[in-house]
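Q: I am attaching a structure below and will ask some questions about it afterwards.
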Amino acid sequence: MNRRKFFDQSIKATGAVAAVGLTACAAEDKPKEIVAEAGPFDHLKSMVDDMKPISNEERKQRIEKAQRLMVENKIDALYLESGSSMVYFTGINWGRSERMMAAIIPAKGELAYVCPAFEEERLKERILFGNDLRVWQEHESPYKLVGSILKDNGISTGKIGVEENVRFFLFDGLRKELPQIQFVNAFPVAAGCRMIKSPTELALMKRANEITIEAYRAAIAVMKDGMSQYEFSGNISAAFKKLGVSGGASVMFGEWAAYPHGSQTAQSMKEGDIVLMDGGCNLHDYASDITRTTIYGKPTQRQTDIWNKVKESQTAAMAAVKPGATCGSIDDVGRKVIEDAGFGPGYKNFFHRLGHGIGMDGHEWPYLVKGNDLPLQPGMCFSDEPGIYIYGEIGVRLEDCFYVTEDGGQLFTPQSISIEEPFGV
């Protein structure tokens, strides 16, 4: 795509859209981004004003569903520490520390909280519903409070669901304090709720993805010779800010696009470079994740052919999406296109799974990966992101997120048109 066309595309309006926050797939040790002045993005307007967060009523419905799933799976209570699932069920966003702050949802009973005594008033400011709050002084045991909550709900033995991301010291303290309790994976309950998105969740995710496209469009319009990958990613962050959200992306040029999550190597944009950007933003706790691969200048036939093959893979995978199809089968379909083109077998040049679940976390269950026999259900959301990577030469990845419908799959944003036209209509 030539630079004039990039600029012309950048000032197309896309309608109101919205977002807030950031989950970007960036290299861990990259230098601080160089954020451009707002001038190049003055035409961008906030796209978040009409979007509302999840209501208390919907959160209560989630708890009711979790309780039904607990009964079905013979789990007596769900233990949550601060993190995405706590936000999902309670609306409370609380930073993790060495001190326990937890929520307990019994299968039959009322939501309860445990927190340090000195945090009681701060937590009360954030509690949206539920009156059972138990506090512990610094020399006391929060694990005993969890035990008292279980006992008050008639749970002296049985199974307590714990998510896989609960930190070990908390799990260890619970099992020592409650040896009569069996701790089990909370996946059937937590994932059973979170994997299936409501219409409100889908609307938030659609808007977050639409905003991401606009940030990319604006950043591409100001590409220039000699620009570093950090200046480019800084421009994306600046565009997100003008759009009313916090967001960002990992950026790679030329041969360094073969590193799926980026390289620390200093990169300088030049004519003919592949340009790959992967990132997103977060709107009222819901993430976007989009990858675009385009060209600075005019592409070679080799670049075009590889790009087209990746799009063919992405399109084939989307066509295979339908309720009842397994997660693994979607990976199989997308991977076969790339293998048949001579870039296989397996992970040889397509290094990773086809896609991941997305929602409150940028990567969450379930995963579109070989061998995953979980059937697709309406309301599940995923990325569809095949790639071809050849170290020392090229990397191409295309990523769009979609949700499963009763009839198939629906993209949140249109696919790229071509290597020179990274934005669909």
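The working numbering numbers the first residue of the sequence shown as -13 and each following residue consecutively. Glycine included, every Cβ here is placed at the ideal spot set by N, Cα and C. This structure is a prediction, so every number in the text was calculated from the model and none was measured.
#1: Give a yes or no on whether the C-beta atoms belonging to Phe336 and Asn195 are separated by under 8 Å.
#2: Please give the ranges of any beta strand (DSSP E) in the segment 96 to 148, keeping only runs that are unbroken, at least 3 residues long and fully inside the region.
#3: Pull up the distance between the alpha-carbon of Met191 and that of Arg85, whole angstroms please.
#4: Assign Lys256 to one of two classes, buried (16 or more other C-beta atoms within 10 Å of its C-beta) or exposed (fewer than that).
#5: For the structure I just gave you, are there three or more beta carbon pairs, one from the segment 362 to 378 and one from the segment 336 to 346, closer than 8 Å?
#6: Take the Cβ of Gln53 as the centre, count every other Cβ of all protein chains shown within 10 Å, and call the residue buried at 16 or more, exposed below.
#7: Can you tell me the Cα-Cα spacing of Cys11 and Ser184, whole angstroms?
#8: Go to Leu354, then tell me how far its beta strand (DSSP E) extends in each direction, as first and last residue.
#9: Please give the ranges of any beta strand (DSSP E) in the segment 179 to 261, keeping only runs that are unbroken, at least 3 residues long and fully inside the region.
#10: Need the endpoints of the alpha helix (DSSP H) that Ala303 sits in, please.
#11: Hey, how far is the Cα of Asp472 from the Cα of Lys110?
#12: CB-CB under 6 Å to Gly283, same chain, minus the five flanking residues each way: which ones, in chain order?
#13: Identify the residues that DSSP records as bridge partners of Gln168: which are they?
#14: Compute the Euclidean distance between the alpha carbons of Leu229 and Ala201, then round it to the nearest angstrom.
#15: For the segment 150 to 166 and the segment 119 to 131, state whether three or more C-beta atom pairs, one from each stretch, are separated by less than 8 Å.
#16: For Ile405, is the classification buried or exposed, using 16 other Cβ atoms within 10 angstroms of its Cβ as the cut-off for buried?
#17: How far does the alpha helix (DSSP H) with Gly159 in it extend, from its first residue to its last?
#18: Leaving out the 5 sequence neighbours to the left and right, which residues in its chain are closer than 8 Å to Pro331 when beta-carbon positions are compared?
#19: Taking the alpha carbon of Val479 as the point to measure from, which residue in Leu262, Ser223, Ser254 has its own alpha carbon closest?
#20: Suppose you measure from the CA of Val355 to the CA of Ile206; what does that come to, to the nearest Å?
#21: Quick check on DSSP: helix, strand or coil for Asn42?
#22: Name the DSSP beta bridge partners of Gly265, please?
#23: Take Val208 and list the residues in its own chain whose beta-carbon comes closer than 7 Å to its own, dropping the five residues that flank it on each side.
#24: So, do the segment 77 to 96 and the segment 36 to 54 have three or more beta carbon pairs nearer to each other than 8 Å?
#25: May I have the straight-line CA-CA distance separating His349 from Asp264, to the nearest angstrom?
#26: With a threshold of 8 Å, are at least 3 pairs of Cβ atoms found where one atom belongs to the segment 232 to 250 and the other to the segment 29 to 45?
#27: Taking only the alpha-carbon atoms, compute the straight-line gap between Val3 and Glu124 and give it to the nearest angstrom.
#28: What separation, rounded to the nearest whole angstrom, lies between the Cα atoms of Gln215 and Gly147?
A: Walking through what the data contain:
#1: Here residue 336 refers to the residue found at position 350 of the sequence shown. Here residue 195 refers to the residue found at position 209 of the sequence shown. In this structure, Asn195 does not lie closer than 8 Å to Phe336 by Cβ.
#2: 98 to 102, 118 to 122, 144 to 148
#3: As a working note, residue 191 is residue 205 in the sequence shown. As a working note, residue 85 is residue 99 in the sequence shown. Answer to the nearest angstrom: the Cα atoms are 32 Å apart.
#4: Translated into the one-based positions of the sequence shown, residue 256 becomes position 270. Exposed, by the Cβ-count rule.
#5: yes
#6: Working through the sequence shown from its first residue, we reach residue 53 at position 67. Burial call: buried.
#7: By one-based count along the sequence shown, residue 11 stands at place 25. By one-based count along the sequence shown, residue 184 stands at place 198. In this prediction, Cys11 scores a pLDDT of 36, lower than 50, which makes its location untrustworthy; the coordinate-derived value is nonetheless stated afterwards. Roughly 26 Å separates the two Cα atoms.
#8: Counted from its first residue, the sequence shown places residue 354 at position 368. Per DSSP, Leu354 belongs to the beta strand (DSSP E) from 350 to 354.
#9: 233 to 239
#10: In the sequence shown, residue 303 corresponds to position 317, counting from 1. 287 to 306 is the span of the alpha helix (DSSP H), which, as asked, contains Ala303.
#11: Absent from the structure is residue 472, since the part of the chain shown begins at -13 and ends at 411.
#12: Locating residue 283 in the sequence shown gives position 297, where the first residue counts as 1. Excluding positions up to five away in sequence, the list reads Glu257, Gly258.
#13: Taking the sequence shown and counting its residues from 1, one reaches residue 168 at position 182. BP columns for Gln168 point to Lys145.
#14: Start at 1 with the first residue of the sequence shown, and residue 229 comes out as number 243. Start at 1 with the first residue of the sequence shown, and residue 201 comes out as number 215. When rounded, the distance between both Cα atoms is 8 Å.
#15: yes
#16: Sequence index remark: in the sequence shown, residue 405 carries index 419 (1-based). Looking at its Cβ environment, which holds 16 or more other Cβ atoms inside 10 Å, Ile405 is buried.
#17: As a working note, residue 159 is residue 173 in the sequence shown. Taken as a continuous stretch (DSSP letters only), the alpha helix (DSSP H) holding Gly159 covers 154 to 163.
#18: The residue labelled residue 331 in the question sits at position 345 within the sequence shown. Cβ neighbours of Pro331 beyond the five flanking positions: Glu325.
#19: One cannot answer for residue 479 here, as it falls past the ends of the chain, which runs -13 to 411.
#20: Taking the sequence shown and counting its residues from 1, one reaches residue 355 at position 369. Taking the sequence shown and counting its residues from 1, one reaches residue 206 at position 220. The alpha-carbon atoms of Val355 and Ile206 are separated by roughly 32 Å.
#21: In the sequence shown, residue 42 corresponds to position 56, counting from 1. It is helical.
#22: The sequence position of residue 265 within the sequence shown is 279, counting from 1. Answer by DSSP bridge pairing, in chain order: Ala235, Ile276.
#23: Against the sequence shown, residue 208 aligns to sequence position 222. Result list for Val208: Pro26, Asn221, in chain order.
#24: yes
#25: Taking the first residue of the sequence shown as position 1, residue 349 is located at position 363. Taking the first residue of the sequence shown as position 1, residue 264 is located at position 278. Approximately 13 Å between the Cα atoms of the pair.
#26: no
#27: Position 17 of the sequence shown holds residue 3. Position 138 of the sequence shown holds residue 124. At Val3, the pLDDT of 32 sits below 50, so the modelled position is not reliable; the number obtained from the coordinates is stated separately. The straight-line gap from Cα to Cα measures roughly 46 Å.
#28: Here residue 215 is taken as the residue at index 229 of the sequence shown, counted from 1. Here residue 147 is taken as the residue at index 161 of the sequence shown, counted from 1. Taking the straight line from one Cα to the other gives about 44 Å.
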